[in-house]
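Peer 1:
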Amino acid sequence: MILIVSSRGDGAAERVLAALRRRGARLVGDDTGDGTGPPVLWWDTADFPGRSRITASFAGGQRRLLLDTGTETVDLSRVTAVWRSRPGKPSAAGTVTEPSHRAHVDEQAEFMLDGVWSLLTARWLPGRRADERRAHNKIFHMARAIELGFSVPDTVYTNDPAELADAYESAEGRLVAKQITAEPFQVDGAEHRAYTTVVTRRHLTSRHRIRHEPVILQPYVPKAVELRVIVVGARVFAAEIDASGSRAARDDWRHYDNDRVRYGVHELPAEVSLRCARLVADVGLTYAALDFIVTPGGEYVFLELNSNGAWGFVELWTGLPVSDAIAGWLMDGGTP
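Going by the numbering used here, the sequence shown opens with residue 1, and the numbers climb by one from there.
1. Count the CB pairs spanning the stretch 3-21 and the stretch 72-85 that are closer than 8 Å, and state whether there are at least three.
2. Candidates M331, S100, F111: which alpha carbon is nearest P90's?
3. Contact between the stretch 97-108 and the stretch 259-272: three or more CB pairs below 8 Å?
4. Is P336 helix, strand or coil by DSSP?
5. Enumerate, from N- to C-terminal direction, the unbroken beta strand (DSSP E) stretches of 3 or more residues contained entirely within the stretch 44-117.
6. Between which two residues does the alpha helix (DSSP H) holding I139 run?
7. If you reduce the DSSP assignment to three classes, tell me which class W317 lands in.
8. Quick check on this structure: which residue in D131, S246, T45 has the alpha carbon closest to the alpha carbon of N306?
9. Among E267, V116, A177, V314, which has the Cα closest to the Cα of S57?
10. T295 and P222 - do their beta-carbons sit closer together than 8 Å?
11. Give the secondary structure of V156 by DSSP, where H, G and I count as helix, E and B as strand, and everything else as coil.
12. Hey, how far is the Cα of A238 from the Cα of W317?
13. Take R275 as the anchor and find which of E107, G94, Y168, I230 has the nearest alpha-carbon.
14. Using a threshold of 8 Å, state whether the C-beta atoms of V232 and A145 are closer than that.
15. Roughly how many whole angstroms lie between the Cα atoms of L303 and E240?
16. Among G24, M1, V225, which residue has its Cα nearest to the Cα of W124?
17. What residue range is occupied by the uninterrupted alpha helix (DSSP H) comprising P161?
18. Contact defined as beta carbons within less than 8 Å: I believe T69 pairs with D47. What is the distance between those atoms, to the nearest angstrom?
19. If I follow the unbroken alpha helix (DSSP H) through E14, where does it start and stop?
20. Which of the three DSSP states is assigned to G312 in this structure?
21. Buried or exposed: S170, going by 16 or more other Cβ atoms within 10 Å of its Cβ?
22. Taking DSSP's pairing of strands, which residues face R123 in a bridge?
23. Measure the C-alpha to C-alpha separation of T197 and D252 and round it to an integer number of angstroms.
24. Can you tell me which of the three DSSP states I210 falls into?
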């Protein structure tokens, strides 16, 4: 059995489920069709414990791991592969209304899930939650990227205001600042996200603010194109992103100004492709999205690794068969 752990409405999960069906798999509870492949269960951790029940029991030297989704009861020991796509956070039932009680329930549920997941002998993509979190840490994966020989910009992670002036001087006035982790936050009650920011002399006058939150400082790397490289097991796909025609996206393509940004398939040099796959494996994952800049001189400069980075837009705009690669990995480990 294949378990997809993701929120409802996840477009990436829909794409992979369609690819699994093409390979003969069928959705649990769906008796239509003549699929001969493994059953697939799509379940969201946000349903636990409010709408789903999980039992882990140990008796007579045996253990029992059951998931009751409300419509299906599944023996989790039968799961052979798990894909953590975009799962929601555990959530208490609506009848639990007191905020501290809800927070307590959610914490207990997360703790139980981690224990249950640790007992599954299944293969995981990208990895278990703890593996994902560790690999996603930019300090951790950048150190490993350097050890593997990637070209990496001179980088400072700091909340020391004095470091900003030094980094600005070292970069000869061409410096960018980034968040340690790209989590949204609120400004005046509205959701906000910090993008790559080009540092100016005006920023230096308010550098004391850095002490409140650590940032990443790097010299501005000139671009021919940017790359999003998707690694699924041993398979590597590269999409190039040319945002030079977009004022909004030229410094950070995540603004997704798709009418002014060009996407295309990129042929990675063999040694870069192999190094990408090795980096993902070395940080303990089976999937990741890596971001690069290709300089006008043709140098491949590594920026970061996203342990569960988006790939749907890569498939949509370039036709690279990422969903089929994920489906293949879930069914047979990606072997030909």
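Every residue, glycine too, gets a C-beta built ideally from N, C-alpha and C.
Peer 2: Let me spell this out:
1. In short, these stretches touch, since the Cβ pair count reaches three.
2. Out of M331, S100, F111, F111 has the C-alpha closest to the C-alpha of P90.
3. In short, these stretches do not touch, since the Cβ pair count stays below three.
4. The predicted model places P336 with a pLDDT of 46, which falls under 50 and marks its position as unreliable; any figure quoted below should be read in that light. Look at P336 here: in three-state DSSP terms it is coil, with no helix or strand label.
5. Qualifying beta strand (DSSP E) stretches, in chain order: 53-59, 62-68, 73-75, 81-84.
6. 138-147 is the extent of the alpha helix (DSSP H) around I139.
7. In the three-state DSSP reduction, W317 falls in the helix class (H, G or I).
8. If we check each option's Cα against that of N306, D131 comes out closest.
9. Selected option, being the one with the closest Cα: V116.
10. Closer than 8 Å, so yes.
11. If DSSP states are grouped into helix, strand and coil, V156 belongs with the strands.
12. The straight-line gap from Cα to Cα measures roughly 12 Å.
13. That would be I230, whose Cα lies nearest to the Cα of R275.
14. The Cβ-Cβ distance between V232 and A145 does not fall below 8 Å.
15. Rounded to whole angstroms, L303 to E240 spans 14 Å at the Cα level.
16. Distances from the alpha-carbon of W124 to those of G24, M1, V225 put M1 closest.
17. Under the DSSP assignment, P161 falls in the alpha helix (DSSP H) whose first and last residues are 161-170.
18. Taking the Cβ atoms as the reference, T69 lies roughly 7 Å from D47, within the contact range of under 8 Å.
19. Its alpha helix (DSSP H) spans residues 11-22.
20. DSSP places G312 within a helical segment (H, G or I) once states are collapsed to three.
21. Of the other Cβ atoms in all chains shown, fewer than 16 fall within 10 Å of the Cβ of S170; this residue is therefore exposed.
22. Under DSSP, the beta-bridge partners assigned to R123 are A81.
23. Between T197 and D252, the C-alpha separation is close to 8 Å.
24. It is helical.
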